[in-house]
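Residue numbers (our numbering), protein chains in the order written: chain E, 378 to 719; chain X, 378 to 719. Where is the CB? At the ideal position from N, CA and C, for every residue including glycine. Note that the structure is predicted; figures quoted are calculated from it, not measured.
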DNA sequence: AAACACGACGAAAACGTTTTCGTGTTAATA
DNA sequence: TATTAACACGAAAACGTTTTCGTCGTGTTT
């Protein structure tokens with residue numbers, strides 16, 4: 378292949394030193410205008426661009442942030458990324474995206490790769506498998522090596538770093554309260570296994586709301602979905618209980634949309650017979666029938682905040698840095714699946 | 378901050394040369410077992426990892442592929458990325474994702490950034506604005522500089538590089554033929570402006586199918602959606618014509634899902650009064666009511682193919698390389714929105 | 001005793017930059 | 001005429017690796 382043009386080659390072409398070329402291209406007054414111009418013309422002709430690797434190596438920073446997410450085919454994560462990317466671009470930073478596919482092993486691999494000097498900091502949402510395994514040594518290592526880390530959404534309590542989370546508790550509370558306010562009193566929850574902290578926290582909001590309104594917490598209304606077996610079947614069982622719920626709070630959009638379909642199938646009217654509310658305002662919500670009320674999570678805002686925090690830490694590595702957790706509020710997008718016309 | 382551990386520092390610690398350390402860590406027999414072991418222990422303790430920048434600079438390759446997509450909050454592109462990422466990981470490659478946000482300027486910026494030596498090759502789907510502007514000099518430059526490029530989905534004919542596209546023509550044909558076969562004879566199309574080549578090509582399939590069945594091509598059945606004004610309004614107009622269609626082929630999922638909603642609003646029964654079919658099997662399709670028949674695009678497969686091609690070119694830069702265009706077949710996912718029970 | 005082999009390590013180049021600190025030539029000044 | 005100032009450029013270090021080619025000392029072989 379045509380090998381890339383470098384300072385060295387330009388220098389050779391005009392029989393000058395590399396320093397001269399470098400200075401000429403930066404319009405240094407040290408170099409005579411004549412030499413300057415001919416070097417610049419030559420460089421432009423061959424599309425000379427300074428090699429980033431060399432620059433990064435010299436400057437000991439890359440102006441690149443690594444992002445590790447569990448899954449990219451997921452509206453929320455995509456939103457967060459777009460937030461990160463936006464802010465990063467404004468600041469002349471690049472973004473390197475890695476997928477853990479919810480796997481502990483891939484997460485560790487990604488972290489190792491990113492910690493080899495190619496990024497200045499890492500933004501991560503931890504994989505479900507890692508949460509289940511409860512092993513966070515890979516985070517501790519990197520932090521002790523001085524690499525700034527920001528966690529978002531799926532964060533781990535015991536690791537000391539900056540964090541950005543949605544107000545999962547508040548969102549769960551809001552969603553449940555909304556159902557209660559609309560007159561529903563037998564409210565079930567479709568949630569995740571407890572090791573997924575966001576699911577757990579949303580459920581705590583759900584419980585709090587029930588308690589506030591003197592509603593009983595019923596174990597058969599609490600469905601922890603096992604994603605490794607048939608999701609629809611598990612939801613169907615809930616609907617077929619002898620004392621079925623008249624309201625469902627699903628901790629994500631997919632569970633909610635699936636519940637809507639199953640309710641249709643069972644001939645239930647939504648929201649008259651059963652109201653349904655989801656979490657995360659993805660694309661699906663507006664197109665279900667009836668359209669789905671959800672708790673909006675503001676993924677984009679979370680992404681932007683993540684970048685602010687990481688940039689801050691990257692630029693403040695000398696001082697004793699104070700970590701904190703940023704909570705991004707959630708709010709209700711009321712659509713048709715909960716709105717009973719009176 | 379705690380500055381990173383390097384060969385130099387380890388060398389200093391044991392008062393040996395850098396070469397000795399490097400060799401010791403690679404278990405070279407040149408180094409005595411005693412020295413080897415103590416160096417390895419020390420390195421492990423401090424999580425020594427060879428700096429990638431230095432390695433990449435030395436090896437003149439980065440094992441990183443850059444990917445530029447117009448939009449990440451888009452199921453199809455997310456799928457493609459996940460395909461690329463999967464293959465890349467298998468081969469020990471990293472992926473650097475950049476977003477053009479459909480902007481020509483950002484696309485150019487991204488290309489320039491990636492061409493500064495940080496990636497070995499670039500996979501790109503071109504921005505709508507670039508297609509509209511019809512200016513592709515930034516591609517020509519990079520290619521003439523010897524940087525391998527693979528285009529996917531939104532490709533540009535005149536640029537000589539490897540390409541991966543869906544069978545848009547075949548898909549458009551398939552979708553339209555399906556509607557015809559199901560007994561619909563007044564078939565409209567919701568498409569993009571002509572400069573978006575995928576939309577244009579899908580429409581050519583649509584026209585071909587109509588012709589094959591001796592159906593007239595009606596201009597008022599061809600709606601080129603302008604995304605900068607109210608999309609729903611434009612679709613609504615189609616439904617309100619004095620001679621409305623009884624079948625709609627939408628070149629993407631959003632237009633199709635919107636059409637479903639508007640049909641409901643107008644009191645039309647789907648598919649009895651009007652059948653609707655979409656393109657790209659995203660998440661939405663399964664959750665609309667009725668569920669949406671679509672043409673599946675196999676984004677993941679496209680991503681995998683992209684990586685195969687780029688890897689091939691990266692590894693074959695010396696030989697005279699033959700570019701070609703890979704077409705990934707599409708197929709029908711028949712759901713409820715077109716299936717009339719007889 | 002001389003030649004040789006081998007074990008264990010170091011020096012230095014190379015990748016592509018930037019930047020500091022010379023250095024030599026010419027022109028202006030005392 | 002001797003000193004100095006300005007100008008135009010070069011040498012070299014540094015970033016962190018890997019790798020080739022020494023080199024030095026010790027021990028073995030003839």
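Helix, strand or coil for residue i? Go by DSSP, reduced to three states.
i: residue 540/E; result: strand
i: residue 476/X; result: strand
i: residue 635/E; result: helix
i: residue 484/X; result: helix
i: residue 703/E; result: strand
i: residue 471/E; result: strand
i: residue 529/X; result: strand
i: residue 393/X; result: coil
i: residue 656/X; result: strand
i: residue 441/X; result: strand
i: residue 446/E; result: strand
i: residue 617/E; result: coil
i: residue 646/X; result: coil
i: residue 718/E; result: coil
i: residue 612/E; result: helix
What is the residue span of the alpha helix (DSSP H) that residue i lies within?
i: residue 514/X; result: 514 to 521
i: residue 709/E; result: Run containing residue 709/E: none in the alpha helix (DSSP H); it sits in the beta strand (DSSP E), 708 to 710.
i: residue 567/E; result: Element bounds for residue 567/E: not the alpha helix (DSSP H) but the beta strand (DSSP E), 564 to 568.
i: residue 431/X; result: 429 to 436
i: residue 586/E; result: 574 to 589
i: residue 763/X; result: Coverage of chain X is limited to positions 378 through 719, which leaves residue 763/X absent and any answer about it impossible.
i: residue 672/E; result: Segment 670 to 673 is the beta strand (DSSP E) holding residue 672/E; no alpha helix (DSSP H) there.
i: residue 676/E; result: 676 to 691
i: residue 553/E; result: 545 to 558
i: residue 661/X; result: 661 to 664
i: residue 628/E; result: Looking at the DSSP string, residue 628/E is not in any alpha helix (DSSP H), and its letter there is neither H nor E.
i: residue 412/E; result: 410 to 422
Report, in whole angstroms, the separation of the C-beta atoms of residue i and residue j, which I expect to be a contact under 8 angstroms.
i: residue 497/X; j: residue 438/X; result: 5 angstroms
i: residue 539/X; j: residue 690/X; result: 6 angstroms
i: residue 720/X; j: residue 531/X; result: The question about residue 720/X has no answer, for chain X in this structure spans 378 to 719.
i: residue 515/E; j: residue 488/E; result: 5 angstroms
i: residue 616/X; j: residue 640/X; result: 7 angstroms
i: residue 565/E; j: residue 622/E; result: 4 angstroms
Considering Cα atoms alone, identify which of the options is closest to residue i.
i: residue 585/E; options: 602/E, 491/E and 548/E; result: 548/E
i: residue 583/X; options: 559/X, 626/X, 558/X and 601/X; result: 626/X
i: residue 610/X; options: 581/X, 642/X and 394/X; result: 642/X
i: residue 619/X; options: 527/X, 597/X, 546/X and 635/X; result: 597/X
i: residue 443/E; options: 673/E, 502/E and 395/E; result: 502/E
i: residue 348/X; options: 639/X, 670/X and 605/X; result: Absent from the structure is residue 348/X, since the part of chain X shown begins at 378 and ends at 719.
i: residue 383/X; options: 693/E, 493/E, 475/E and 534/E; result: 493/E
i: residue 645/X; options: 473/X, 714/X and 699/X; result: 714/X
i: residue 635/E; options: 654/E, 495/E and 555/E; result: 654/E
i: residue 552/X; options: 392/X, 390/X, 658/X and 445/X; result: 658/X
i: residue 559/X; options: 660/X, 495/X, 718/X and 589/X; result: 718/X
i: residue 467/E; options: 476/X, 672/X, 469/X and 472/X; result: 476/X
i: residue 716/X; options: 387/X, 557/X, 495/X and 491/X; result: 557/X
i: residue 607/X; options: 589/X, 595/X, 632/X and 640/X; result: 632/X
i: residue 445/E; options: 546/E, 526/E, 400/E and 409/E; result: 526/E
i: residue 435/E; options: 391/E, 495/E and 672/E; result: 495/E
i: residue 692/E; options: 524/E, 673/E, 604/E and 649/E; result: 524/E
i: residue 393/E; options: 702/E, 406/E, 413/E and 550/E; result: 413/E
i: residue 637/E; options: 604/X, 648/X, 668/X and 621/X; result: 668/X
i: residue 660/E; options: 474/E, 417/E, 432/E and 454/E; result: 454/E
i: residue 510/X; options: 409/X, 688/X, 587/X and 571/X; result: 571/X
i: residue 675/X; options: 416/X, 411/X and 542/X; result: 542/X
i: residue 418/X; options: 431/X, 433/X, 408/X and 401/X; result: 401/X
Considering just the uninterrupted stretch of the beta strand (DSSP E) at residue i, what are its terminal residues?
i: residue 601/X; result: 599 to 601
i: residue 561/E; result: Here residue 561/E belongs to no beta strand (DSSP E), and DSSP marks it neither H nor E.
i: residue 499/E; result: 498 to 501
Heavy atom of the ligand MG less than 6 angstroms from the Cβ of residue i, yes or no?
i: residue 706/E; result: The model depicted lacks the ligand MG and carries no ligand whatsoever.
TODO: Decide yes or no for the touch test of the stretch 439 to 458 of chain X against the stretch 411 to 428 of chain X: beta carbon pairs closer than 8 angstroms, at least 3 of them.
DONE: Note that the stretch 439 to 458 of chain X does not touch the stretch 411 to 428 of chain X; fewer than 3 beta-carbon pairs, one per stretch, sit closer than 8 angstroms.
- [ ] Determine contact between the stretch 655 to 672 of chain E and the stretch 680 to 695 of chain E, defined as no fewer than three beta-carbon pairs at a distance below 8 angstroms.
- [x] The answer is no - the stretch 680 to 695 of chain E does not touch the stretch 655 to 672 of chain E, with fewer than three Cβ pairs under 8 angstroms.
TODO: State whether the stretch 504 to 511 of chain E contacts the stretch 470 to 488 of chain E, with contact taken as three or more CB pairs (one from each stretch) at a distance under 8 angstroms.
DONE: The stretch 504 to 511 of chain E and the stretch 470 to 488 of chain E touch, with no fewer than 3 CB-CB distances between them shorter than 8 angstroms.
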